[in-house]
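A.B. asks: Residue numbers (our numbering): 2 to 354.
And the structure:
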């Protein structure tokens, strides 16, 4: 736990002076005050995170973490477990949505094996932080040990520390893992107090009967394991996933270094709940890229106090929404830093009088 505790202790409140200066500049730019809507508040938040009233987002990265889930054997997904491994190979070859959208956003994509069944040989572009060959089925006991939960968090922190050494101004997080919407829904249920049927969606596209089975699996898993809603590490261990722990660790590490974190959909949202449970201050560093169609995502974001930037009916994962969010973050800070003020442009500021 030493690395985790040290990381948490470095997370500071946002810099109010930078935010105030950014807000004053927004009001002096050649536009009606507030006319750029959420882009204005987003730029002010990023100024506070970066502790710079004129922030830049030159170095962008998306970390896509992959792991398998024992609960997949309970019929909760449309796809077989082998798809996790196959998609990791697709990420590495550059053929997935996250590769395309990451390139468009100008963000490098780092693929991390947190615990894919069968593992991989050493491969260019693949970072290995494997905890185990997938979690156990939460329907038969805890998904992982408490020690493994710690290991997953530590792995995420270490990955981000490496990315910081390469140069990092903004981070997006994403994932891949057949069965992980089941784990994420279980986390959202226990943290928010909502019953499983209110936070469980169709994931990969399961039918009505499979959805009923998924809800039953989550309900029974929560009854069996009884996660302590006041202990984020216990929740992660009882019903989480290695990639969820990895993303939570990544969020903590980024916040500790003053780096904004753009989260994706339900699964990264559940990781944010774990990170926030470990350190409430981390929520100020989080940016919700979009609102997923997954039922639990809105509940998750409401609990975190986050407003999604867009609603595009996305439900892919991988960090695909985070890539779009990074683009909007760059748009927000570019408007803040590059627009002319009324004084510079010789334009009358009617609102100022």
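For each residue, glycine too, the CB sits at the ideal point set by N, CA and C.
(1) What's the call for residue 1, buried or exposed, on a 16-neighbour Cβ count within 10 Å?
(2) So which of 73, 164, 163, 92 has the shortest CA-CA distance to residue 135?
(3) So, with DSSP's three-state summary, where would you put residue 191?
(4) Considering only their Cβ atoms, is the gap separating residue 69 from residue 117 smaller than 8 Å?
(5) Any idea what DSSP makes of residue 177, helix, strand or coil?
(6) Could you name the residues of the same chain whose beta carbon sits closer than 6 Å to that of residue 179, not counting the 5 residues immediately before and after it, in chain order?
(7) DSSP three-state call for residue 203: helix, strand or coil?
(8) Could you tell me which residues DSSP puts in a beta bridge with residue 109?
(9) Determine the closest residue to residue 158 out of 95, 303, 197, 130, with distance taken between C-alpha atoms.
(10) I'd like to confirm something about residue 12: is its beta-carbon nearer than 7 Å to some heavy atom of the ligand ADP, or not?
(11) Run through DSSP, which three-state label would residue 70 get?
(12) Within its chain, find whatever has a CB closer than 6 Å to the CB of residue 152; leave out the 5 residues flanking it on each side and keep chain order.
(13) Keeping to the same chain, check which residues put their C-beta closer than 7 Å to that of residue 219; ignore five residues upstream and five downstream.
(14) Tell me whether residue 149 is buried or exposed, calling it buried when 16 or more other Cβ atoms sit within 10 Å of its Cβ.
(15) Bridge partners of residue 330, per DSSP?
(16) In chain order, which alpha helix (DSSP H) runs of at least 4 residues are fully inside the stretch 26 to 63?
(17) Thinking C-alpha only, which one of 66, 175, 254 is nearest residue 323?
(18) If I follow the unbroken alpha helix (DSSP H) through residue 299, where does it start and stop?
(19) Between the stretch 100 to 107 and the stretch 207 to 221, are three or more C-beta pairs nearer than 8 Å?
(20) Rounded to whole angstroms, what's the CA-CA distance from residue 247 to residue 52? Just pull it up for me.
(21) Quick check: what's the CA-CA separation for residue 55 versus residue 343?
(22) Helix, strand or coil: which one does DSSP assign to residue 20?
(23) Note the first and the last residue of the continuous beta strand (DSSP E) segment covering residue 77.
(24) Report all residues from its chain with a CB closer than 7 Å to the CB of residue 37; omit the five preceding and five following residues, and keep chain order.
(25) Here's a check: name, in chain order, each residue in its chain whose Cβ is nearer than 6 Å to the Cβ of residue 301, leaving out the five neighbours to either side.
C.D. replies: Let me lay it out:
(1) Here the chain covers residues 2 to 354 and nothing more, so residue 1 does not appear.
(2) The residue given as residue 135 occupies position 134 in the chain shown. Residue 73 is the option with its Cα nearest to residue 135.
(3) What you label residue 191 is simply residue 190 of the chain shown in a count that begins at 1. In the structure shown, residue 191 sits in a helix (DSSP, three-state: H, G or I).
(4) Walking along the chain shown from the start, residue 117 turns up at place 116. Walking along the chain shown from the start, residue 69 turns up at place 68. Yes, Cβ-Cβ distance for residue 117 and residue 69 is below 8 Å.
(5) As a first step, residue 177 must be located in the chain shown, where it is residue number 176. Strand, per DSSP.
(6) Locating residue 179 in the chain shown gives position 178, counting from the first residue. Excluding positions up to five away in sequence, the list reads 73, 78, 80, 82, 84, 85.
(7) In the chain shown, the residue the question calls residue 203 occupies position 202. In the three-state scheme derived from DSSP, where H, G and I count as helix and E and B as strand, residue 203 is classed as coil.
(8) Position 108 of the chain shown, counted from the start, is the residue given in the question as residue 109. DSSP lists 62 as the beta-bridge partner residues of residue 109.
(9) Taking the first residue of the chain shown as position 1, residue 158 is located at position 157. Distances from the CA of residue 158 to each of 95, 303, 197, 130 were compared; the closest alpha carbon is that of 130.
(10) In the structure on display, the ligand ADP does not appear, and there are no ligands present to speak of.
(11) The count along the chain shown starts at 1 and reaches residue 70 at position 69. Coil at residue 70, not helix or strand.
(12) If you number the chain shown from 1, residue 152 lands on position 151. Answer for residue 152: 132, listed in chain order.
(13) Mapped onto the chain shown, residue 219 falls at position 218. For residue 219, the CB contacts under 7 Å within the same chain, skipping 5 residues up- and downstream, are 183, 186, 187, 190, 197, 201 in chain order.
(14) As a position in the chain shown, residue 149 is number 148, starting the count at 1. Under a 10 Å Cβ-count criterion, residue 149 is classified as buried, with 16 or more other Cβ atoms of the shown protein chains found around its own Cβ.
(15) Here the question's residue 330 lines up with position 329 in the chain shown. Residue 330 pairs with nothing; no bridge assigned.
(16) Uninterrupted alpha helix (DSSP H) stretches at least 4 residues long and entirely within the stretch 26 to 63 occur at 39 to 51, given in chain order.
(17) Here the question's residue 323 lines up with position 322 in the chain shown. Looking at 66, 175, 254, the one whose alpha-carbon comes closest to that of residue 323 is 175.
(18) Position 298 of the chain shown, counted from the start, is the residue given in the question as residue 299. First-last of the alpha helix (DSSP H) with residue 299: 296 to 305.
(19) The answer is no - the stretch 207 to 221 does not touch the stretch 100 to 107, with fewer than three Cβ pairs under 8 Å.
(20) In the chain shown, the residue the question calls residue 247 occupies position 246. In the chain shown, the residue the question calls residue 52 occupies position 51. In this model, residue 247 and residue 52 are separated by some 26 Å (Cα to Cα).
(21) Mapped onto the chain shown, residue 55 falls at position 54. Mapped onto the chain shown, residue 343 falls at position 342. Using only the alpha carbons, I get a separation of about 17 Å.
(22) Stepping through the chain shown from its first residue, residue 20 is reached at position 19. It is helical.
(23) For this step, residue 77 is matched to residue 76 along the chain shown. Element bounds for residue 77: n/a, residue is neither H nor E.
(24) Locating residue 37 in the chain shown gives position 36, where the first residue counts as 1. So the qualifying residues of the chain are 336.
(25) Residue mapping note: residue 301 aligns to position 300 of the chain shown, counting from 1. In the same chain as residue 301, and ignoring 5 residues on each side of it, the C-beta atoms closer than 6 Å to its own belong to 189, 270, in chain order.
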